[in-house]
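A.B. asks:
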DNA sequence: CCTCCGCCGGAAAACCTTTTCCTCAGAAAA
DNA sequence: TTTTCTGAGGAAAAGGTTTTCCGGCGGAGG
């Protein structure tokens, strides 16, 4: 029904459309030179009121709008920024994308998006391809190997990373302070009296894992044991890992993200495990849903739209000095949001206050 | 800190980047003519093995990638498709966008996205602007007035609508059969024994409302009363409208969408209203969350990615016949998904739930 | 009154790729 | 051997816009 034939056709035969008015048509209509039309439209050089009047009238009459390809060809810039995300369906990335888009629009930039569908290898190619079309690329690729990223950073003129640092801070990036976030969660759980915690870790190669693990190690001790449970980054992963988390007999579960916690919550409900009655649960990111869920999720808040906006600003700023001192890393500090999904452990007879037993 | 000065600079000064290799550089490097390079790369005409070899080597050595602006200028096509959405943060539109993006990628098309931020008037301008850059535009604008849409359809070469029909079916569109969906929900509720239903209606000018209201009228009768409650399309709207829905003393609430139902559920929980114990609740769309929520939401399933994919296909097919018989409307039939948020009304056996006497 | 300066507007180049047109060489047919 | 045909590759134009370079005109100063 949806024949490929039709699709092939549009790919090759693009001339079927009625031709659009060009600057030359406008010039003829207004009885001036193309140069004058351009000057009126761009405001490059002053033009007499009389001519300007005529040009504007002609533009309106013909409905003329400049051809961006021609402009781009000449200027060497496309006025577009690319965004690579693993999955637009993930509310986290959707918000980041929104942040970039809104910021870009304010400067009259278009946004190009590539969804790599969580396929690891595709990100490199997507970014490279996007860089042909855009003046810069915002890359959300938590799992790209450092080597690959380094190579990419050299091939793509204005590359900005989100939630990862490349080449030791050489490539501009906006990152969340995952270590501080995890530390805050650990502190919160410890104060509630939890002693045995399961951590549902993200994808094996996720960049943020290093910082998270640092925080976990720092928080660990004889009275605060962290059990690692392999999981992933989607709510489906969370759902699958929920059983393993339970098997650790931990009194609290830290999920890689809110999105993951969503799946955990669903599975716990199926199993008749009550949150926070039987076990506490925390997320990460504070996506919009977390406040809508029951129980409302304890998490750390990250402003995802800001992440996108700042990534854009970093891109915009990277025009400076010919990209000379391009290394610039911005860090966002997440904030603990205490809601209903965490409570003192039921097992503890007395929720002993923050007594560290050395 | 994020000075505008920096942003202005990137906008004007785009030449700071090292110049990229052109086809002429490659030609010189391979000691052939630019035409030959082009032929090797596009496969337009056969080239001797020897030359092809030389050209490919030169391309690799120089890291040459053709300038899309120049290609676009010549071909009159940009190999990009625009998507206008009211809010990428809304999982519904995020999924539609994903559908378009994935389908477009398969045909080697880029996707441009504009987020109009639910600001009504912005959609027209966004679509118009996008059409300068893209070969076609997929428009998700449920609330654009028909007149405005008609005008837009003439200005934008390949316009495809999602979830609305324009100019009496003249503009290609992918729509959900809202009437069938609402009818299915009504049937389900009636079979459960509900007689008094609150409908949380969408934005005043939403296109789908007509079809929904048709279904509602058809289902209405002495033993099936539908009370209209103004609401909106976001979960925040749902949250706000929840109280009014309760005030109708209905035994079941039909939300405009799952996204709205999310907010309703949160508010009901705050009020101590149990679903489906005290009142049944239905959604629309079956977003991924609906199955993760507790109670799992009864809804009608719409494949949002398919919506996007089919919109793309409609765009691709519209290259036919110079857009002659361009009017083509595809309808997706939604499917009732019965989950936990609906049950027979409690009023049948017990006097009344604890609904506040507002 | 003449000359010089400044400003406005037009002509043309440049941006990079594709494609048409043409040439030239080699092979096949007579 | 000569003529014709085929096929490969080069030269050049086209595509729409911006910008540089100039020419011409008017005003001001000498």
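Chains as they are written, first to last, in my numbering: chain A, 765 to 1122; chain B, 765 to 1122. Note that the Cβ used here is the ideal one computed from N, Cα and C, for glycine as well. Just so it is clear, the structure is predicted and the values come from calculations on it, not from any experiment.
(1) I want to verify the contact list: residues of chain B whose CB lies under 8 Å from the CB of residue 1064 of chain A, in sequence order.
(2) Would you report the Cα separation of residue 934 of chain A and residue 824 of chain A, rounded to the nearest angstrom?
(3) Taking the continuous alpha helix (DSSP H) assigned at residue 800 of chain A, which residues delimit it?
(4) Could you check the C-alpha separation between residue 1046 of chain B and residue 963 of chain B for me, to the nearest Å?
(5) Quick one: residues in its chain with C-beta nearer than 7 Å to the C-beta of residue 898 of chain A, no 5 flanking neighbours on either side, listed in chain order?
(6) Helix, strand or coil, according to DSSP, for residue 908 of chain A in the structure here?
(7) So who's on the other strand from residue 1018 of chain B, going by DSSP bridges?
(8) Please go through the same chain and pick out, in chain order, the residues whose beta-carbon is closer than 7 Å to the beta-carbon of residue 1092 of chain A, but skip the five residues on each side of it.
(9) Quick one: is residue 967 of chain B buried, meaning 16 or more other Cβ sit within 10 Å of its Cβ, or exposed?
(10) Answer with yes or no whether the minimum CB distance from residue 807 of chain A to chain B is below 9 Å.
(11) Mind pulling the alpha helix (DSSP H) runs of 4 or more residues that sit fully within the region 1051-1111 of chain A?
(12) Could you give the C-beta distance for residue 1061 of chain B and residue 1067 of chain B, rounded to a whole number, given that I count them as a contact under 8 Å?
(13) Per DSSP, what kind of secondary structure is residue 1013 of chain B in: helix, strand or coil?
(14) Show which residues of chain B have a CB atom less than 8 Å away from the CB atom of residue 866 of chain A.
(15) For residue 838 of chain B, count neighbouring Cβ atoms within 10 angstroms of its own Cβ and tell me buried if that reaches 16, exposed if not.
(16) Can you tell me where the beta strand (DSSP E) with residue 875 of chain A in it begins and where it stops?
(17) Give me, in chain order, the residues of the same chain whose beta-carbon lies closer than 7 Å to that of residue 780 of chain B; leave out the 5 immediate sequence neighbours on both sides.
(18) Alpha carbon to alpha carbon, how far is residue 1110 of chain A from residue 1033 of chain A?
(19) Do the region 966-982 of chain B and the region 1004-1011 of chain B make contact, defined as three or more Cβ pairs closer than 8 Å?
(20) Measuring only the C-alpha atoms, how far is residue 1041 of chain B from residue 1104 of chain B?
(21) Using C-beta distances below 8 Å, list every residue in its chain close to residue 796 of chain B, excluding the 5 sequence neighbours before and after it, in chain order.
(22) If you follow the beta strand (DSSP E) that residue 925 of chain B is part of, which residue opens it and which one closes it?
(23) Report yes if the CB atom of residue 856 of chain A is closer than 9 Å to the CB atom of residue 1051 of chain A, and no otherwise.
(24) Give every residue of the same chain whose Cβ lies closer than 6 Å to the Cβ of residue 943 of chain A, excluding the five residues on either side of it in the sequence, and list them in chain order.
(25) Does residue 831 of chain B get closer than 9 Å to chain A when you measure Cβ to Cβ?
(26) Chain A beta carbons: is any one of them nearer than 9 Å to that of residue 1058 of chain B?
(27) Determine the extent of the alpha helix (DSSP H) in which residue 729 of chain A is found, giving its start and end residues.
(28) Assuming residue 788 of chain A contacts residue 830 of chain A under a Cβ cut-off of 8 Å, what Cβ separation, rounded to an integer in Å, is found between them?
(29) Residue 853 of chain A: beta carbon under 8 Å from a heavy atom of the ligand ATP?
(30) List the DSSP bridge partners of residue 937 of chain B.
(31) For residue 863 of chain B, which of helix, strand or coil comes out of DSSP?
(32) Three or more C-beta pairs closer than 8 Å, one from the region 884-899 of chain B and one from the region 915-929 of chain B: is that the case here?
(33) So residue 821 of chain B contacts chain A; which residues on that side make the cut at Cβ distance below 8 Å?
(34) For the alpha helix (DSSP H) containing residue 882 of chain B, list its first residue and its last residue.
(35) If you draw a straight line from the C-alpha of residue 1023 of chain B to the C-alpha of residue 1097 of chain A, how long is it?
C.D. replies: In terms of the structure at hand:
(1) Chain B residues near residue 1064 of chain A: none, gap ~19 Å exceeds 8 Å.
(2) 48 Å
(3) 798-806
(4) 10 Å
(5) 842, 844, 845, 846, 876
(6) coil
(7) B:963, B:1046
(8) 936, 1078
(9) buried
(10) no
(11) 1068-1081
(12) About 17 Å; that fails the 8 Å criterion.
(13) coil
(14) 879, 881
(15) exposed
(16) 874-879
(17) Residue confidence is low: residue 780 of chain B scores 41 on pLDDT, short of 50, so the model does not pin down where it sits. No coordinate-derived value is stated.
(18) 18 Å
(19) no
(20) 10 Å
(21) 815, 818, 819
(22) 923-926
(23) yes
(24) 975, 978, 979
(25) yes
(26) yes
(27) Examination of residue 729 of chain A is not possible in this model, given that chain A is present from 765 through 1122 alone.
(28) That pair is no contact at about 12 Å.
(29) Summarising the ligand content, the structure contains no ligands, and the ligand ATP is consequently not present.
(30) B:925, B:1093
(31) helix
(32) yes
(33) Under the 8 Å cutoff, chain A gives no residues; its nearest Cβ is about 19 Å from residue 821 of chain B.
(34) Segment: none, residue 882 of chain B is in no alpha helix (DSSP H) and carries neither H nor E.
(35) 29 Å
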